[in-house]
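The listed protein sequences derive, respectively, from chains L and Z.
Residues 1 to 155 (our numbering) make up the first sequence, in order.
Residues 156 to 671 (our numbering) make up the second sequence, in order.
By construction, the Cβ of each residue, glycine as well, lies at the ideal position given by its N, Cα and C atoms.
Quick caveat, the model's predicted, so the values are computed rather than measured.
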Amino acid sequence: MTVHTPIESRSRGVPGWALGITAFVFLVGAVYFAGNLSGENPPIVAAPSPSGGPSVEQQARAIIAKAIPSCVVCHGDNLAGGVTNAPTLHGIASGPTTENLAQLAADNPDTWIHLWIDGTGPEVAGIERLGMPAFGDQLTADEIDTLVEYLKTLQ
Amino acid sequence: MNPAPNVRRRELRAPMAVNPKKLRPYTEPPKVRRPLVPNAPGSAATTFLVLSLLWLVAATGIGLLWAGTAIFPDRLSIALDLELPIIGVLSVDVSRTTVEAGFASALVFGWLSNAAFAAILFITPRITGARLENDTMGFGAAGLWNVGVAAGVAAIYLPSISGTGLLTSFPWLVDGLLLLGLLTVFGAFARTIMGAPRQLPYVSLLFFGVGLLAAMGAIALVAGSSLLTLDETAKALVNAFAARAIGTYWVLGATLGVLFYVVPRATANALASSGMAYLSWLLWAAFAGLSAVGALVDPSVPYVITTLGNAGTMLLVAPVFLAVATLALTIHGRWSSILSTGTIAFAAISMAFLLGSALLEAIGALRSVQALVAATEWPMGAWLFATLGSATFALFALADHAAPRLLRRDWGGTWMSDVQLWGVLVGTTIAGLALMAGGIAHGSLLSQAATADEIQSTLTWFWLAGAAGLGLVALGGLASLVSLFLMYTTARRAEYAVAQESPAASGAPAGAPAAH
């Protein structure tokens, strides 16, 4: 048979040192919050691939880091533009964000991003590149495809 | 004529209707008729405890398979379409993703939740002084919950009906069963508290109450999102929020609630400071929800909101620190007890893991760390510290304290208890550290633009260490089940002493633990 016995307490108060450490943790949280007010979250759908290999986002991030110059140099850390006059890459799944690519996208609706990043094909010859380098010499077609797949997820 | 002599003669003949040879001898106690569903005090808690240990063995087995699918992704992955007579074509997918979800679900919903329910049903009557209302409800909850979890873990491998996410992969019908089970446990818990004398509930009950409500909310949210037509991003956000809330509210809440009960009871010391304990509960209740907001990582969510959630994860260090400090001060004077395997040793290990995992979660919430390791093995390594480390050891402490009292056995443990403690302690440490180190290596390789083959070959070594750790945890889990079996079958029966009564006076065995 068991009976109820309350659990007693030696003290009801909160010691000063415990309040001090709690206040310190609050301070660290506040400093972190104040230092991270602006930016952009990565997409949530970028989960690791079932095979255990890197996800599309991870592969794309690696390709972006490998490219010279890296995409982020002109398009910004989150590829949202704003560093130079390079446009944002968010929302390009629904079409180009600059006028110079309107015709290319109209002629090649499924492949225009790939063609533009590659930059060595006849389809893009004569289009004003506005400072955008051609990456066809340093990235493989598969790598550009991975990059395009990732860029299309940016909203 | 006087009728009295005739009446007296009938009275003398009547009692011979029963065969005297079948009557119970006076030296035998009366036989107790057992109902189909037992309703003796503690019987529902015992059921949950036994089921939880069975789930621990199953979950750690799935954990080993999970490590195997990471080491041999091609050999251990199965994807096939089965032709069934009535159902038609049924796709089965056994891959790293599905096995990982199965492992996490079996661990959290199978082992940890069943053990937490056992803790709630064991502790609540002993703190309030009111009998559990009632054990039959507890049995119903055990049935609903475990049928649901078993069906859900099986359904994870059927992509046509399963959901997505680490703890949100169950079909909505299974979520409904789990919700009913939770509601039943909450009903028994709330009715017991309502039947007790009115006073501020002990802090453990506050942790359990908020944890149960939050778990119900999270599971209802996931079930609701499955029924609504949401786009993939919205569903992924809901799932991420719910999974995080289950971790911060339910798993962490149950862990803290159990420790706040077990440590004062096992040490026979008074709680060091009720003020620190209640402050810990208040801060936990506020920041656990905020921390779940930090899981909303998507461009559609304002950056500042996610940052606020990350700050909440960092601030969770405060309540965890307050709780661990209070409990450490409560153990004061009984520290030598941690040198022998038992309730206090289990609780002390849980406290160490608790502080460690809170700090690791806080580090993992930093944006710069997230950028490097968010999509690697790191989060699972930190998660193992929280689930197999702090929560598992807290519930081991509860099982070590509660099982002899529930089964009424005089039990001092055997070498099996040492296997349980050291197997799970060393295994969790190795597995957690291996995965976190693997996550850092993985993140570095990604930033160096390594190929998938290079990453796989490097990570194999970390996963081998992780598999060894998970193997030790599985051994420890098996030892805990065997230990319970040995306690029931070999230990002598003992009634635990009534409070304020000496063991000699109550007939309890010498050296038997105190009451409660």
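Check: Does the Cβ-Cβ distance between Trp221 (chain Z) and Phe258 (chain Z) come in under 8 Å?
Finding: The Cβ-Cβ distance between Trp221 (chain Z) and Phe258 (chain Z) falls below 8 Å.
Notebook entry, point to check: Would you say Asn100 (chain L) reaches chain Z, if we count a Cβ-Cβ gap shorter than 8 Å as a contact?
Noted result: It does not: the Cβ of Asn100 (chain L) has no partner Cβ on chain Z nearer than 8 Å.
Item checked: Within chain Z, partners of Glu57 (chain L) - CB distance below 8 Å -> Within 8 Å Cβ-Cβ: Ala530.
Item checked: 8 Å Cβ cutoff, Tyr32 (chain L) in contact with chain Z -> Yes, because at least one Cβ of chain Z sits closer than 8 Å to the Cβ of Tyr32 (chain L).
Next item on the list: List the residues that DSSP assigns as beta-bridge partners of Asp673 (chain Z).
Entry: With chain Z covering 156 to 671 only, the question about residue 673 (chain Z) has no answer from this structure.
Notebook entry, point to check: Closer than 9 Å, Cβ to any Cβ of chain L: which residues of the segment 399 to 425 of chain Z, in chain order?
Noted result: When CB distances to chain L are screened at a threshold of 9 Å, the residues of the segment 399 to 425 of chain Z falling below it are Phe415, Tyr416, Pro419, Arg420, Asn424 and Ala425, in chain order.
Item checked: Unbroken alpha helix (DSSP H) run spanning Glu143 (chain L), endpoints -> Note, Glu143 (chain L): alpha helix (DSSP H), Ala141 to Leu151.
Checklist line | Amino acids of chain L, ordered along the chain, whose beta-carbon sits closer than 8 Å to that of Pro454 (chain Z) | finding: Neighbours of Pro454 (chain Z) on chain L, chain order: Glu40, Asn41, Pro42, Pro43, His90, Leu154 and Gln155.
Notebook entry, point to check: Can you name the start and end residues of the alpha helix (DSSP H) that Lys176 (chain Z) belongs to?
Noted result: Per DSSP, Lys176 (chain Z) lies in no alpha helix (DSSP H) and is assigned neither H nor E.
Notebook entry, point to check: Using 8 Å as the threshold, is the segment 509 to 527 of chain Z in touch with the segment 237 to 252 of chain Z, meaning 3 or more CB pairs across them?
Noted result: Taking 8 Å as the limit for Cβ pairs, the verdict is that the segment 237 to 252 of chain Z does not touch the segment 509 to 527 of chain Z.
Next item on the list: For Leu333 (chain Z), write down the residues that DSSP places opposite it in a beta bridge.
Entry: Paired residue(s): none; Leu333 (chain Z) is not in a bridge.
Item checked: Straight-line gap, Thr542 (chain Z) to Phe294 (chain Z) (C-alpha atoms, nearest Å) -> Their backbone Cα atoms lie some 25 Å apart in a straight line.
Checklist line | Three CB pairs or more closer than 8 Å across the segment 90 to 105 of chain L and the segment 25 to 38 of chain L | finding: No, the segment 90 to 105 of chain L does not touch the segment 25 to 38 of chain L.
Next item on the list: Count the other C-beta atoms from every protein chain shown that fall within 10 angstroms of the C-beta of Ile233 (chain Z), then say buried if there are 16 or more, exposed otherwise.
Entry: Ile233 (chain Z) comes out exposed.
Note to self: So that I know if they touch, is there some Cβ in chain L lying closer than 8 Å to that of Thr644 (chain Z)?
What the structure shows: With 8 Å as the cut-off, Thr644 (chain Z) does not count as an interface residue toward chain L.
Notebook entry, point to check: Are there 16 or more other CB atoms within 10 angstroms of the CB of Ile242 (chain Z), so buried, or fewer, so exposed?
Noted result: By the neighbour-count rule (16 or more Cβ atoms within 10 Å), Ile242 (chain Z) is not buried but exposed.
Next item on the list: Kindly list, in the order they appear in chain Z, the residues whose Cβ is closer than 8 Å to that of Ser11 (chain L).
Entry: Within 8 Å Cβ-Cβ: Ala427, Ser428, Ser429 and Gly430.
Notebook entry, point to check: Between which two residues does the alpha helix (DSSP H) harbouring Val124 (chain L) extend?
Noted result: Val124 (chain L) -> no alpha helix (DSSP H), and no H or E assigned at all.
Next item on the list: Mark Arg179 (chain Z) as exposed unless 16 or more other C-beta atoms lie within 10 angstroms of its C-beta, in which case mark it buried.
Entry: By the 10 Å Cβ count, Arg179 (chain Z) comes out exposed.
Next item on the list: Establish whether the CB of Pro15 (chain L) and some CB of chain Z are separated by less than 8 Å.
Entry: Closer than 8 Å: yes.
Item checked: Minimum C-alpha distance to Glu532 (chain Z) - residue among Z:Ala592, Z:Pro196, Z:Trp577 and Z:Gly216 -> Measuring from the Cα of Glu532 (chain Z), the nearest candidate turns out to be Z:Ala592.
Check: Using a beta-carbon distance below 8 Å, is Thr22 (chain L) in contact with chain Z?
Finding: Interface annotation, Thr22 (chain L): in contact with chain Z, CB-CB separation under 8 Å.
Check: Name the chain L residues whose beta carbon is nearer than 9 Å to that of Leu601 (chain Z)?
Finding: Within 9 Å Cβ-Cβ: Pro54, Gln58, Gln59, Arg61, Ala62 and Ala65.
Next item on the list: Would you be able to state if there are at least three C-beta pairs under 8 Å between the segment 374 to 393 of chain Z and the segment 502 to 515 of chain Z?
Entry: As far as the Cβ criterion goes, the segment 502 to 515 of chain Z does not touch the segment 374 to 393 of chain Z, which means the pair count is below three.
Checklist line | Under 9 Å from the C-beta of Met506 (chain Z): neighbouring residues of chain L | finding: Among the residues of chain L, none has a CB under 9 Å from the CB of Met506 (chain Z); the nearest is roughly 15 Å distant.
Next item on the list: Could you check the C-alpha separation between Thr201 (chain Z) and Leu553 (chain Z) for me, to the nearest Å?
Entry: Take the alpha-carbon of Thr201 (chain Z) and the one of Leu553 (chain Z): they are about 12 Å apart.
Notebook entry, point to check: Taking the Cβ atom as the reference point for each residue, do Ala395 (chain Z) and Ile7 (chain L) lie within a distance shorter than 8 Å?
Noted result: The beta carbons of Ala395 (chain Z) and Ile7 (chain L) sit no closer together than 8 Å.
Notebook entry, point to check: Alpha carbon to alpha carbon, what distance is there between Glu123 (chain L) and Gly544 (chain Z)?
Noted result: Within the model, the alpha-carbon separation for Gly544 (chain Z) versus Glu123 (chain L) is close to 59 Å.
Margin query: Counting beta carbon pairs with one atom in the segment 390 to 406 of chain Z and one in the segment 432 to 448 of chain Z, are three or more of them shorter than 8 Å?
Written below: The segment 432 to 448 of chain Z makes contact with the segment 390 to 406 of chain Z; the number of CB pairs closer than 8 Å reaches 3 or more.
Margin query: Relative to the C-alpha of Leu267 (chain Z), which candidate in Z:Pro352, Z:Val212, Z:Pro280 and Z:Ala441 has its C-alpha closest?
Written below: Between Leu267 (chain Z) and the set Z:Pro352, Z:Val212, Z:Pro280 and Z:Ala441, the nearest pair of CA atoms involves Z:Val212.
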